[in-house]
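Residue numbers (my numbering): 57 to 166.
Cβ coordinates follow ideal geometry from the N, Cα and C atoms, glycine included.
Shown next, in structure tokens, is the structure this report addresses.
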Amino acid sequence: MEIKWYIGLALALFCTGIVGVLTRRNSIIIFMCIELMLNAVNLLLVAFSKMHAASALGQTMPNVVSDAQIFVFFIMVVAAAEVSVGLAIIVMLYRNTHSVDVNFLNRLKN
């Protein structure tokens, strides 16, 4: 599969995430869109890693695990920890305000 298909898919995922972050008011949906953007970047990292490894070995699709794929694995582990902390914050926000609307956060300044 050519690299342009991976770039197109990652671009579509990233743009979907940006639109979701900019247009939604629900903090859980905003959080999911941020994770979608992170996964789009991970997809590009793995795709470029495979392309670079293929060109270095002179093959079309090598079956080797590169350093970027291991790096993406650690990024996903950190993202899982981020999700747990973020959801805990959202749950505490809901317990205090009975809303997950981000526009409601302006009232918490007082």
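CB contact flag (residue i, residue j, <7 Å)
i, j, result
"residue 135", "residue 101", "no"
"residue 176", "residue 66", "The first residue shown for the chain is 57 and the last is 166, placing residue 176 beyond what the model contains."
"residue 92", "residue 73", "yes"
"residue 62", "residue 96", "no"
"residue 156", "residue 59", "no"
"residue 87", "residue 142", "yes"
Nearest-angstrom Cα separation, counted from residue j out to residue i
i, j, result
"residue 161", "residue 90", "19 Å"
"residue 82", "residue 146", "10 Å"
"residue 167", "residue 138", "Because the chain spans 57 through 166 in this model, residue 167 falls outside it and cannot be assessed."
"residue 129", "residue 106", "15 Å"
"residue 150", "residue 158", "11 Å"
"residue 133", "residue 79", "28 Å"
"residue 76", "residue 68", "12 Å"
"residue 153", "residue 140", "20 Å"
Per DSSP, the bridge partner or partners of residue i
i, result
"residue 162", "DSSP lists no partner for residue 162."
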